[in-house]
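In our numbering, the protein residues as written are 4 to 461.
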């Protein structure tokens with residue numbers, strides 16, 4: 004139990020903080036204030052609310068919260084970074100013990116059955132390349148480049164939304180945007196014919212890290228953060244390449260942009276501008292699977308493979324007739340598809356990191372995602388209970404103490420605490436029964452505490 008709490012410290016703090024808020028004097032004053040005005044507004048709320056709509060919305064919110072919490076915990080449990088780190092340390096120890104072996108003997112050793120289940124390497128050093136990355140249409144020829152992104156933007160109408168008096172209002176603005184917007188209303192027309200330049204990414208296929216050739220999948224992960232400045236030469240090359248196609252009469256270089264202008268010196272609707280971002284060679288850390296003199300992703304082979312393959316094939320359900328069952332199925336498939344656990348190791352960092360630092364970084368990212376989604380699931384469930392309780396408040400208000408308590412939104416979030424923990428417990432029960440039973444006990448304890456707290460307040 005202590006180990007469970009220590010491994011989920013942030014979540015336990017959240018639970019305790021929620022319980023503290025629900026039992027503090029501020030909550031008591033808030034409850035008194037709501038009780039004071041409850042009778043005054045009860046009849047007006049009854050007239051304005053549709054109880055069936057509230058109940059349906061609350062049901063789907065709670066169902067979505069359950070799916071989010073379940074698949075969030077499932078992803079966490081299948082992530083298994085601790086075991087990966089432990090196995091990597093075992094491999095490093097094996098390497099240290101066998102430094103004296105000849106290279107051929109070492110390769111034979113690591114390919115033996117003992118290490119066949121999980122072998123990957125970590126390489127740290129400087130990436131290098133002798134090849135140039137060329138974009139002839141824009142007069143670019145870059146050395147020491149791993150990836151080059153061409154970014155194309157159009158000056159166009161873009162529809163925005165805002166809330167005014169509980170009503171969604173649409174309005175239109177003119178701005179540079181990398182996506183063509185065709186869903187604009189009357190009087191706000193964008194012409195796709197002016198989009199004569201396509202966005203593209205070029206990958207240098209001859210980048211090396213030491214003696215190893217970097218794979219395309221690793222190069223694609225690099226961050227193209229260096230902006231490439233444009234000059235008069237680039238503008239002249241573009242003018243020669245595109246000419247006066249589609250009515251563009253002027254090509255101008257300004258800082259990192261090449262502007263395609265219909266009117267010289269002025270920005271006109273449907274003008275284009277193009278910029279380039281590159282990732283360069285330099286300090287690099289790679290953790291992946293070695294195959295001859297290059298790399299390939301290490302793909303996990305375990306009993307969950309078939310399930311994970313199904314999860315990633317989230318089908319388009321646009322043409323499905325939506326009813327209650329289909330909506331629930333859609334919610335499950337959606338959260339199952341976005342909560343994919345780690346299925347391969349093919350990581351690259353553009354800095355020098357140790358093996359422990361890499362796994363700690365991955366573990367921190369995973370823990371942060373898990374904590375935020377736990378909080379999100381708890382919040383959604385609280386809102387769902389509030390929707391369900393609100394239309395039946397006038398029914399339960401005849402009871403001695405439950406009615407007034409249920410009239411507050413605070414109780415919805417308080418009740419959500421044991422339910423959220425219970426859903427998490429079921430997920431842990433499926434993969435780690437010991438932790439699952441411990442969480443179920445914690446859920447029961449918190450639920451009992453809330454019950455006796457309500458009874459005491461009566």
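Even for Gly, the Cβ is constructed at its ideal location relative to N, Cα and C. Please read all numbers here as calculations on a predicted model, not as lab measurements.
Suppose you measure from the CA of residue i to the CA of residue j; what does that come to, to the nearest Å?
i: residue 383; j: residue 437; result: 28 Å
i: residue 163; j: residue 179; result: 14 Å
i: residue 134; j: residue 206; result: 11 Å
i: residue 453; j: residue 364; result: 38 Å
i: residue 386; j: residue 418; result: 11 Å
i: residue 441; j: residue 431; result: 10 Å
i: residue 372; j: residue 433; result: 21 Å
i: residue 366; j: residue 302; result: 19 Å
i: residue 389; j: residue 220; result: 47 Å
i: residue 456; j: residue 391; result: 22 Å
i: residue 370; j: residue 59; result: 33 Å
i: residue 64; j: residue 231; result: 47 Å
i: residue 62; j: residue 56; result: 10 Å
i: residue 223; j: residue 235; result: 30 Å
i: residue 185; j: residue 439; result: 50 Å
i: residue 171; j: residue 259; result: 37 Å
i: residue 266; j: residue 242; result: 14 Å
i: residue 448; j: residue 70; result: 23 Å
i: residue 165; j: residue 173; result: 7 Å
i: residue 355; j: residue 239; result: 41 Å
i: residue 169; j: residue 359; result: 51 Å
i: residue 19; j: residue 458; result: With a pLDDT of 46 at residue 19, under the threshold of 50, the predicted position of this residue should be treated as unreliable, though the coordinate-derived value follows. Spanning the two alpha carbons is a distance of roughly 20 Å.
Please return the same chain residues whose Cβ sits closer than 6 Å to the Cβ of residue i, not counting the five positions on each side in sequence.
i: residue 357; result: none
i: residue 443; result: 428
i: residue 227; result: 150, 152, 280, 281 and 282
i: residue 425; result: 446
i: residue 450; result: 421
i: residue 213; result: 128
i: residue 462; result: Beyond the ends of the chain as shown, which are 4 and 461, falls residue 462; an answer cannot be given.
i: residue 268; result: none
i: residue 368; result: none
i: residue 104; result: A caution first: residue 104 carries a pLDDT of 37, below 50, which makes its placement in the model unreliable, though a value can still be read off. Cβ neighbours of residue 104 beyond the five flanking positions: none.
Output yes if chain B places a C-beta closer than 8 Å to the C-beta of residue i; else output no.
i: residue 391; result: Here chain B cannot be found, since the structure has a single protein chain.
Have a look at the options and flag the residue whose alpha-carbon is nearest the alpha-carbon of residue i.
i: residue 361; options: 420, 422 and 290; result: 290
i: residue 339; options: 201, 60, 76 and 381; result: 76
i: residue 136; options: 209, 170 and 73; result: 209
i: residue 462; options: 57, 58, 239 and 262; result: No information on residue 462 is available, as it lies outside the stretch 4 to 461 that the chain covers here.
i: residue 144; options: 233, 199 and 64; result: 233
i: residue 381; options: 68, 56, 58 and 166; result: 68
i: residue 203; options: 242, 278 and 458; result: 278
i: residue 139; options: 369, 245, 268 and 377; result: 245
i: residue 374; options: 388, 359, 423 and 349; result: 423
i: residue 74; options: 223, 379, 249 and 235; result: 379
i: residue 183; options: 196, 173 and 171; result: 196
i: residue 198; options: 62, 258, 248 and 458; result: 248
i: residue 300; options: 259, 349 and 266; result: 349
Skipping 5 residues on each side, what residues in its chain have a beta carbon closer than 7 Å to that of residue i?
i: residue 215; result: 126, 296, 297 and 298
i: residue 167; result: none
If contacts are defined as beta-carbon pairs under 8 Å, then residue i and residue j qualify, I think. What distance do you get, rounded to the angstrom?
i: residue 252; j: residue 351; result: At roughly 44 Å, the Cβ-Cβ gap does not stay under 8 Å, so residue 252 and residue 351 are not in contact.
i: residue 129; j: residue 285; result: 6 Å
i: residue 193; j: residue 160; result: 6 Å
i: residue 287; j: residue 347; result: Actually they do not touch by this definition, with Cβ atoms about 19 Å apart.
i: residue 154; j: residue 181; result: 6 Å
i: residue 72; j: residue 276; result: The Cβ separation is near 45 Å, so there is no contact.
Output needed for residue i: all residues of its chain with C-beta closer than 8 Å, excluding positions within five of it in sequence on either side, in chain order.
i: residue 211; result: 130, 131, 132 and 217
i: residue 264; result: 251, 252, 253, 254, 255, 270, 271 and 274
i: residue 229; result: 280, 281, 282 and 283
i: residue 175; result: 160, 161, 162, 163, 187, 188 and 191
i: residue 237; result: 141, 142, 143, 256 and 261
i: residue 148; result: 132, 135, 136, 207, 281, 282, 283 and 284
i: residue 177; result: 158, 159, 160, 161 and 272
Just to confirm, does residue i get its C-beta within under 7 Å of one of the non-hydrogen atoms of the ligand COA?
i: residue 248; result: With respect to the ligand COA, the structure offers nothing, as it holds no ligand at all.
Identify every run of the beta strand (DSSP E) within the region 125-203, keeping only runs that are complete inside it and at least 3 residues long; order them along the chain. 136-138, 143-145, 148-167 and 170-180
Uninterrupted alpha helix (DSSP H) stretches inside the region 197-263 (no shorter than 4 residues): Whole alpha helix (DSSP H) segments, 4+ residues: 219-224 and 235-245.
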